[in-house]
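Notes to accompany the following structure.
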Amino acid sequence: LQFKYDLLGPVRDLVYEIQVNTLRYYISSVIRYFTPLGPSSN
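With full-length UniProt numbering applied, the sequence shown corresponds to residues 1 to 42, in that order.
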């Protein structure tokens, strides 16, 4: 049972990191979609 808890920590951290990276990528792509790329595109 202790091994399961020891394994659960890094896995949970990895899942959290993946979720944060996915959310950050989604937000940046939404911002990139709604804002024109550079002043020349305006």
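From the three backbone atoms N, C-alpha and C, an ideal C-beta is built for every residue, glycine too.
(Q) DSSP three-state label for P36, please. (A) Here residue 36 corresponds to residue number 36 of the sequence shown, with the count starting at 1. DSSP places P36 in coil when its eight states are reduced to three.
Q | Three-state class that DSSP yields for Y25 in the structure shown | A | To locate residue 25, count along the sequence shown from 1; it is residue 25. It is helical.
Q. How long is the line joining the alpha carbons of N42 and P36, rounded to whole angstroms?
A. The residue labelled residue 42 in the question sits at position 42 within the sequence shown. The residue labelled residue 36 in the question sits at position 36 within the sequence shown. Low confidence applies here, because N42 scores a pLDDT of 46, under 50, leaving its location unreliable and the question unanswered by this model.
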